[in-house]
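Asks:
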DNA sequence: ATGAAAGCGCTAACAC
DNA sequence: GTGTTAGCGCTTTCAT
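Residue numbers (my numbering), protein chains in the order written: chain Z, 25 to 379; chain L, 25 to 379.
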C-alpha cells in the first residue's frame, strides 16, 4: 500500500531539537539561520533521506509546478516530438508535466480530462491534440471560467486563446509550388482526414497553388495520416487518373505508402511521379527514394507552448488576464530524391509564414 | 499568476448552510446524506463549477493516484508506443501519470529525477528508459529505502526489482534462424549501441543461431538505432564483406537505412540480400520492400507495467514488501518481402519466450 | 536567529 | 443524517 512512511519535517525538527519552522527555513535556503543549526539540520536531513512533501507544499503555496498536457496519437511519429519539446522545456523551467493521452477526439471526451487536470491544480494546460472540425471550439466553450491559461497547438487562431501552429495553407502551397516548378501538370493530393483542420488547410493550399499556376485541380483521396491509408488512397487515385505526374501527400507516412504503391506498379519516382510529403520526419531522408517534405517545427511547437505558459505566470503578478497570443511558426521544404530541388535554381526552400 | 481563486468546499458549505463535512460526503457519494441536502449541495456545486482540490485530497488521503514515468527518446517510434500503453492503462485504472523525459542515461542524471517523483508522492514508478551497461544497476543501488514500487522495463531480471521485457537473445535467434531457413549462409548484423543491454543480447542471439547452424559469424557493425546509422553501418559491412546474403538489423529504422543502401548499390532484396528487422513498427509493413521484423509488444509492456504497480497497491493491504516479479513477454516474427516466409513451410512465426 | 500559532482544502473519527 | 474536532505536511504571519 502506498502510505509508505516517509520522514516528515516534524520528525526532523524533533530529532534535531529545533522547531519545524527552522527546518523549513533550512529547506528553503533562507539566510536567517545560524550556520550551526543549519548544519545540524542538514545532517539530519541527509541521514534520513528526508525530502519535503511536494503535495503539502503545493497546497500551502498554491503552486503545483505542474503543467497538464493533453495529447493523442503518441504511438505515431510526430506527436512524440512535440511532447519531447514540451517535456524538455518544462524540465528546464522547473515544471513537471501530467500527461493525458486521449483515445478519441470528441469534445465530450476532452472536457472531463481538463476537469481532472484542474483538480490537480495544474498551472497551465497544453492541448496538443489536433483540431477537428468542432472539438476545439467545443472545448473552448465549455471551459470553466476559473481556469489556468491553456495553449492550443495546431489550432485556428482565436481571439480568446493562445494558439501555436504553422500556416498549413502556405505550407500546402509551398509543397505544391515545388511540384509545379518541376514541371508537373497533373498534381494529385493525398489528404488527411478532412475533419481535421490541418488536413483541410493543406488541401486548400494545394488547390490554391494549382489555381495560381493555371492548372486543373488533380484528383484527391483522403487517408488517416498513416502509411496504410496512403496505399489505399494512391491506388484509388491511380485507378481514376493514371496520368498524374505529381503528388502532394499531407503526411510523410502516407507518402511512404504511396512510394510502396508506385514501386509495385512500376511507376518511377520522380520520373513518372514526383512526390512531396509533409511533416519532416527524420526517417523521410531514408525512404527509398528519399522524400522531399515540408518540415514542421514539432519540437519547437512544444517548447514554445511551455514558454508561453511559464512567462505568462511570471508576467502578470496579479489577476492580469493571461495575454493571448497567436504564434505561427515557419515551415521549411527539405529536398529528397522524390522531388529533387532544381539544380540551377534559386536556393529556395524557406518560407516564413508569419511570426 | 496561478493562484486563481477556485471555489472551496468551505464556500459551498457556507452558501448551502450545511457543514463542510456534509459537502465532503456528497462529493464522495456517501450514502448517509438525505436526498434533500444532497440535491441542494449538488446544485451549488454545479452552479459554481466547484471541483475538489486533488492536492488537498492527496495530502490527507496519502494517495496521490499518480504514477511516475521516466522515459527517453520519445520522439522515436517505439518509446511512444510504450508510453501510450502506460497512459491508457493508467487512465483505465484511475491513475494519472507524471512524465519525465531524460536527456541522458547516466545514473547521476536519473537519481534526482526519481527523487523529484518521490517528492510528488507518486505511488509507483515506471522506468522506461533503456538499460545501459550500468545505469540501471546504479539506480537500483542508489534508490532511497522508503520508496514506492518501481518497475524496470527492458532490463535484466533482478531478484530485487520487478522487470518487464522480452528475451532479446531468443528474439535475435528467431530473426537469424529465419534467415538461415531461407538458405542464407553469410549473415551480417547491424547492432545497436553495444552499451545497451538489448543491443548486446540481440547480437548474442544472432551469434548463437549462427553457431547452431554451423555458420561462421558474419560481419557486425554498430549503429545508434536510427536510420542514418543503418546507412553507414551497412556500407561499412559491404565494403568489408560484399558477399553477404543475409542481414539482421537490431532495429527497424536501421533496416530502413540498410534498404536504402542496398537500393543504391543495386543489391536486390531479398534475392541478393534478405533482411530482418526488429521492433515491429507498423510502418515497416510499408517499407519498399516491406520488412520482415521481430515484433516487440511495446504497448503491452507499458500496460503490464501499470498493472504490476496497481495490483501491487491493492494486493498487500499493509506493509507487505512489494512482490517482485519478472515478466518476459513473447515476441513474434512478422513476414514482409525483405525475407519472406517459406511458402510450403510450417505456420511458424510465434515464439513464446518464457512467461 | 528562532519559535508559536494559524491555516492551505480536504477527510477521518467521533459525537449528537 | 449531520456537525464538531483534529490533522495530513508544510509555509506563512507575528512574536520573542
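Just so it is clear, CB atoms sit at the ideal spot from N, CA and C, and this is done for glycine as well.
Is there at least one Cβ from chain Z nearer than 8 Å to residue 112 of chain L's Cβ?
Replies: Yes, contact with chain Z.
Asks: Is there at least one Cβ from chain L nearer than 8 Å to residue 88 of chain Z's Cβ?
Replies: So, interface residue.
Asks: Along the chain, where does the alpha helix (DSSP H) that runs through residue 116 of chain Z open and close?
Replies: First-last of the alpha helix (DSSP H) with residue 116 of chain Z: 103 to 116.
Asks: For my contact list, residue 6 of chain Z and residue 230 of chain Z are in at a C-beta cut-off of 8 Å; report their separation, rounded to the angstrom.
Replies: No information on residue 6 of chain Z is available, as it lies outside the stretch 25 to 379 that chain Z covers here.
Asks: Assuming residue 177 of chain L contacts residue 189 of chain L under a Cβ cut-off of 8 Å, what Cβ separation, rounded to an integer in Å, is found between them?
Replies: Indeed, because the Cβ distance is near 6 Å, the residues count as touching under 8 Å.
Asks: Show which residues of chain Z have a CB atom less than 8 Å away from the CB atom of residue 284 of chain L.
Replies: In chain order: 310, 311, 312 and 314.
Asks: For the beta strand (DSSP E) containing residue 404 of chain Z, name the first residue and the last one.
Replies: Limits of chain Z in this structure are 25 at one end and 379 at the other, which puts residue 404 of chain Z out of reach.
Asks: Which term fits residue 321 of chain Z, buried or exposed, when burial requires 16 or more other beta carbons within 10 angstroms of its beta carbon?
Replies: That one is buried.
Asks: Along the chain, where does the beta strand (DSSP E) that runs through residue 273 of chain Z open and close?
Replies: Its beta strand (DSSP E) spans residues 270 to 273.
Asks: Any C-beta of chain L sitting closer than 8 Å to the C-beta of residue 275 of chain Z?
Replies: Output row for residue 275 of chain Z: interface = no.
Asks: Are there 16 or more other CB atoms within 10 angstroms of the CB of residue 366 of chain L, so buried, or fewer, so exposed?
Replies: When all chains shown are included, residue 366 of chain L counts as exposed.
Asks: Check each residue of the segment 66 to 94 of chain Z: if its Cβ is closer than 7 Å to any Cβ of chain L, include it; give the result in chain order.
Replies: So the close ones are 73, 75, 76, 77, 78, 79, 80, 82, 83, 86, 87 and 88.
Asks: The segment 231 to 261 of chain Z: which residues have C-beta closer than 9 Å to a C-beta of chain L, in chain order?
Replies: Within the segment 231 to 261 of chain Z, the qualifying residues are 250, 251, 252, 254 and 255.
Asks: Which residue's Cα is closest to the Cα of residue 184 of chain Z: Z/278, Z/347 and Z/360?
Replies: Of the listed residues, the one whose Cα sits closest to residue 184 of chain Z is Z/347.
Asks: For residue 147 of chain L and residue 224 of chain L, what's the separation of their Cα atoms in angstroms?
Replies: So the two alpha carbons sit approximately 33 Å from each other.
Asks: Can you find the residues in the same chain that come closer than 6 Å, C-beta to C-beta, to residue 179 of chain L, ignoring five residues on each side of it along the sequence?
Replies: Answer for residue 179 of chain L: 155, 160 and 187, listed in chain order.
Asks: Any C-beta of chain L within less than 8 Å: which residues of the segment 158 to 171 of chain Z qualify?
Replies: Residues 168, 169, 170 and 171.
Asks: Could you check where the beta strand (DSSP E) with residue 125 of chain L kicks off and where it finishes?
Replies: Residues 120 to 125.
Asks: Please list, in chain order, the chain Z residues whose beta carbon lies closer than 7 Å to that of residue 6 of chain L.
Replies: No information on residue 6 of chain L is available, as it lies outside the stretch 25 to 379 that chain L covers here.
Asks: Against chain Z, with Cβ distances strictly below 8 Å, would residue 348 of chain L count as a contact?
Replies: No, its Cβ sits nowhere closer than 8 Å to a Cβ of chain Z.
Asks: Straight-line CA distance for residue 76 of chain L to residue 69 of chain L?
Replies: Computed Cα separation, rounded: 10 Å.
Asks: Between which residues of its own chain and residue 349 of chain L is the CB-CB distance below 6 Å, once the five residues before and five after are set aside?
Replies: Counting only Cβ-Cβ distances below 6 Å, and skipping sequence neighbours, we find 186.
Asks: Rank L/62, L/127, L/79 and L/139 by C-alpha distance to the C-alpha of residue 92 of chain L and give the top, closest one.
Replies: If we check each option's Cα against that of residue 92 of chain L, L/139 comes out closest.
Asks: Note down the Cα distance separating residue 59 of chain Z from residue 337 of chain L, rounded to an integer number of angstroms.
Replies: The straight-line gap from Cα to Cα measures roughly 42 Å.
Asks: Taking the C-alpha atoms as reference points, what is the distance between residue 33 of chain L and residue 44 of chain L?
Replies: Roughly 6 Å separates the two Cα atoms.
Asks: Hey, would you say residue 42 of chain L sits closer than 8 Å to residue 66 of chain L, going by beta carbons?
Replies: Result no, Cβ atoms of residue 42 of chain L and residue 66 of chain L do not sit closer than 8 Å.
Asks: Do you know whose CA, among Z/252, Z/256 and Z/352, lies nearest residue 308 of chain L's CA?
Replies: Checking every option, the nearest Cα to that of residue 308 of chain L belongs to Z/252.
Asks: Between the C-alpha atoms of residue 198 of chain Z and residue 301 of chain Z, what's the straight-line distance to the nearest angstrom?
Replies: Distance between the alpha carbons of residue 198 of chain Z and residue 301 of chain Z is about 11 Å.
Asks: Is it buried or exposed for residue 36 of chain Z, if we count other Cβ within 10 angstroms and need 16 for buried?
Replies: Buried, because 16 or more other Cβ atoms sit within 10 Å of the Cβ of residue 36 of chain Z.
Asks: Please name the residue, chosen from L/118, L/105 and L/248, that lies closest to residue 89 of chain L on a Cα-to-Cα basis.
Replies: Closest by alpha carbon: L/118.
Asks: Please state the DSSP three-state secondary structure of residue 151 of chain L.
Replies: In the structure shown, residue 151 of chain L sits in a strand (DSSP, three-state: E or B).
Asks: Can a CB atom of chain Z be found closer than 8 Å to the CB of residue 123 of chain L?
Replies: Yes, residue 123 of chain L counts as interfacial toward chain Z.
Asks: Using the C-alpha atoms, what's the distance from residue 316 of chain Z back to residue 363 of chain Z?
Replies: Distance between the alpha carbons of residue 363 of chain Z and residue 316 of chain Z is about 6 Å.
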